[in-house]
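Chains as they are written, first to last, in my numbering: chain A, 7 to 194; chain B, 1121 to 1359.
Quick reminder that beta carbons are idealized off the backbone N, C-alpha and C, glycines included.
Here the structure is a predicted model, which means the values were calculated and not measured.
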Amino acid sequence: MRDRLLETPSQTAGPYVHIGTAPQSIGRPPLINQPGPVIESNTGEAIVIEGTVLDGAGAPVRDAMLEIWQADGLGRIGEFGLFGRTVADFSSGLFRFQSVRPGAHAQGHAPHVALLIFARGINIHLHTRIYFPQDLEAMEQDSDMKRLEPEARETLIAREAGRNEAGLPVYRFDIRLQGAGETVFFDI
Amino acid sequence: MTTDFYRRDRAQHPAPYAPGYKSTVLRAPFRPLHALEQTALDKTGPALGHAPLGPLDHDLIRNAATTGDALGERIYVFGRVLDENGRPVPNALIEVWQANAAGRYAHVRDGYLAPLDPNFSGCGRCVSDADGRYLFRTIKPGPYPWPNNGSDWRPAHIHLSIFGEAFAQRLITQLYFEGDPLIPLCPIVNTIADKSAVDRLVARLDLRNQEPFDCLAYRFDIVLRGRRQTHFENRPEGL
């Protein structure tokens, strides 16, 4: 049996992550095929997901970079999967994606969005999931959700927050890195 | 492909809470990570490395040039993207960012007094080929001070963001340069407890791959998570 190689260690993305991953956010021209916060797809209901990453003192993390990966509105993944990337607003810390509400991609799993969080002071990216309040019944059957305490489960469910100027439904998803109401982060 | 990836060996990675690096104190979760089985979603990922890039994306010496080449020590950074099974990872997207030769980032938030270089943005991208090989050309970044325990100094480093074939392989890291005396003094490097793991973040000078009378070369191989294999599949190549 061959020895396995060891994975390259992670290091923090640091405060200047925008230069390489979201140059338009610091006034540079976007690159060709640069992933961004708006995901176009006609496979489901267009939605906005927004929120703030909060540190252990309740202060917004203004230098966070976030990525989502999800099934399309029909529950298809692989080449149909949807990817988005955004950065927190420099002054408010608010992040925002436009996407579609995902369909269920596998039996026994409630529809969800995989979310990664990178920032200064985060030595290895944090992985969490966004679930939607319409899918409470599916969550009751979801083996991953069933193993979480109710308070922990709550941290993964986005909250309906009205509609934006364009009429799209807005889902609020705040991430608490540490302490009271700490978001559940996964080792997957 | 539905085979699971090996679990991430967290001992190879920095501790989330590492008070020597002060920014972790309020940003590291208190609760342990919750282990989950991988779903089909985690085992696939965006095909970012299959989309065309700009012709100069891999050349940081030229891709933001206005009046001439970027200033500094001209280098290639190259290597292979492999998985834990030693197999090449083709079409991996590698995004990089770095300070200029004086240690200053072209970023609105960097107030270091060292000068900007009008010919350098510090942003680049490349994709690995069928054998997992990648290469970009840049200038060696300078070290710079940052407020942590008073004025700490970062060793020269390049940030790398890597997408393999699956979201489970996602990785952001930093590469350092062989021989830099600031490496063992850096609070961010020292968030990694295992010194041999730190060593795997150090790019090696490779004179054989220089561009004569032009450019030095540093080799840096990247290992992403691999998929579980049966012993039968794990036989040595050629048998």
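Taking DSSP as the reference, what is the three-state secondary structure of residue i?
i	result
B:Thr1144	helix
A:Ala120	strand
B:Glu1331	strand
A:Gln76	strand
A:Ala144	helix
B:His1170	helix
A:Ala112	coil
B:Asp1177	coil
B:Ala1337	strand
A:Gly185	coil
A:Glu56	strand
B:Phe1125	strand
A:Val67	coil
B:Ala1131	helix
B:Ile1342	strand
A:Phe192	strand
A:Ile45	coil
A:Ser105	strand
B:Ile1259	strand
B:Pro1265	strand
B:Leu1359	At B:Leu1359 the pLDDT is 41, less than 50, meaning the model places this residue with poor confidence; the figure from the coordinates comes in the next sentence. B:Leu1359: coil per DSSP, three-state reduction.
Can you list the residues of chain B that residue i reaches, using a CB-CB cut of under 8 Å?
i	result
A:Asn39	Leu1168, Ala1171, Pro1172, Leu1173
A:Gly173	Those do not exist, as A:Gly173 stays about 28 Å from chain B at its closest Cβ, beyond 8 Å.
A:Gln184	Leu1146, Arg1147, Ala1148, Pro1149, Phe1150
A:Phe89	Gly1165, Pro1166, Leu1168
A:Val67	Arg1147
A:Val190	Arg1151, His1154
A:Asp95	Under the 8 Å cutoff, chain B gives no residues; its nearest Cβ is about 13 Å from A:Asp95.
A:Ala112	Thr1159, Ala1160, Leu1161
Mind checking who residue i pairs with in its DSSP beta bridge?
i	result
A:Arg169	A:Pro175
A:Thr92	A:Leu72
B:Thr1186	Bridge partners of B:Thr1186: none, in fact.
A:Ile130	Answer is none; A:Ile130 lacks a bridge partner.
A:Leu154	In the DSSP output, where bridge partners are listed per residue, A:Leu154 has none listed.
B:Ser1248	Note: B:Ser1248 sits in no beta bridge, so no partner.
A:Met24	Per the sequence shown, residue 24 of chain A should be read as His rather than Met. Answer is none; A:His24 lacks a bridge partner.
A:Ile163	A:Tyr137
B:Leu1156	Partner(s): none; B:Leu1156 has no beta bridge.
B:Tyr1254	B:Gly1199
B:Leu1325	B:Tyr1338
Give me, in chain order, the residues of the same chain whose beta-carbon lies closer than 6 Å to that of residue i; leave out the 5 immediate sequence neighbours on both sides.
i	result
B:Ala1317	Gln1132
A:Ile181	Val59, Thr189
B:Ser1281	Glu1215, Ile1292
B:Leu1359	Any reading at B:Leu1359 must be qualified, since the residue scores a pLDDT of 41, below 50, and its modelled position is unreliable; the value itself is stated next. Around B:Leu1359: no qualifying Cβ.
B:Gln1294	His1277, His1279
B:Arg1253	Arg1200
B:Phe1287	Asp1162, Gly1165
A:Thr161	Thr189, Val190
A:Asp69	Pro21, Ala125, Arg126
B:Arg1245	Leu1173, Asp1177, Glu1215
A:Ala144	Ala116
Kindly list the residues whose CB is nearer than 7 Å to the CB of residue i, restricted to its own chain and excluding five residues on each side of it in sequence; keep chain order.
i	result
A:Pro36	Pro29, Gln30
A:His24	Ser31, Ile32, Val93
B:Pro1139	Val1145
A:Arg178	Glu56, Gly57, Ala164, Arg165, Ala167
A:Met7	Unreliable placement is indicated for A:Met7, whose pLDDT of 48 sits below 50; the coordinate value is still reported in the next sentence. Result list for A:Met7: empty, nothing under 7 Å.
A:Ala52	Gln104, Val106, Leu174
Given that residue i touches chain B, what residues does it touch there, using C-beta distances under 7 Å?
i	result
A:Phe138	Near A:Phe138 there are no residues of chain B at all, since even the closest Cβ is about 15 Å away, more than 7 Å.
A:Thr18	Ile1308
Whose Cβ in chain B lies nearer than 9 Å to the Cβ of residue i?
i	result
A:Ser47	Within 9 Å Cβ-Cβ: nothing; A:Ser47 doesn't reach chain B, min ~13 Å.
A:Ile32	Ala1226, His1227, Val1228, Arg1229
A:Ala120	Thr1159, Leu1161, Asp1162, Phe1287
A:Leu12	Asp1129, Gln1132, Glu1204, Ser1316, Ala1317, Arg1320, Val1343
A:Glu85	Thr1164, Ala1167
A:Phe124	Ser1281, Ile1292
I want to verify the contact list: residues of chain A whose CB lies under 7 Å from the CB of residue i, in sequence order.
i	result
B:Ala1317	Pro15
Using a cut-off of 9 Å between C-beta atoms, extract the partners of residue i located in chain A.
i	result
B:Gly1192	The contacting residues do not exist; B:Gly1192 stays about 16 Å from chain A at best.
B:Gly1242	Tyr22, Ile25, Gly26
B:Ala1072	The structure shown has nothing for residue 1072 of chain B, since chain B only spans 1121 to 1359.
Which same chain residues end up closer than 8 Å to residue i when comparing Cβ atoms and leaving out the 5 residues on each side of it in sequence?
i	result
B:Gly1299	Leu1325
A:Gln140	Arg107
A:Arg102	Pro43, Val54, Ile55, Glu56, Thr92
A:Asp78	Ser47, Thr49, Gly50, Phe86, Gly87, Leu88, Val106, Pro108, Gly109
Closest Cβ-Cβ distance between residue i and chain E: below 7 Å?
i	result
A:Ile163	No chain E appears in this structure, whose protein chains are A and B.
Could you work out which residues of chain A lie near residue i, taking near to mean beta carbons separated by less than 8 Å?
i	result
B:Arg1288	Correcting the residue type first, residue 1288 of chain B is Ala in the shown sequence and not Arg. The answer, in chain order, is Ile194.
B:Asp1177	Leu37, Ile38
**Asked** Of all the beta strand (DSSP E) runs that stay within the bounds of the segment 1267-1320 of chain B, which reach a length of 3 or more residues?
**Response** Listed in chain order, the complete beta strand (DSSP E) runs (minimum 3 residues) inside the segment 1267-1320 of chain B are 1270-1274, 1277-1283, 1291-1297.
**Prompt:** Can you give, in chain order, each stretch of the beta strand (DSSP E) that sits fully within the segment 1196-1237 of chain B and has at least 3 residues?
**Reply:** 1213-1218
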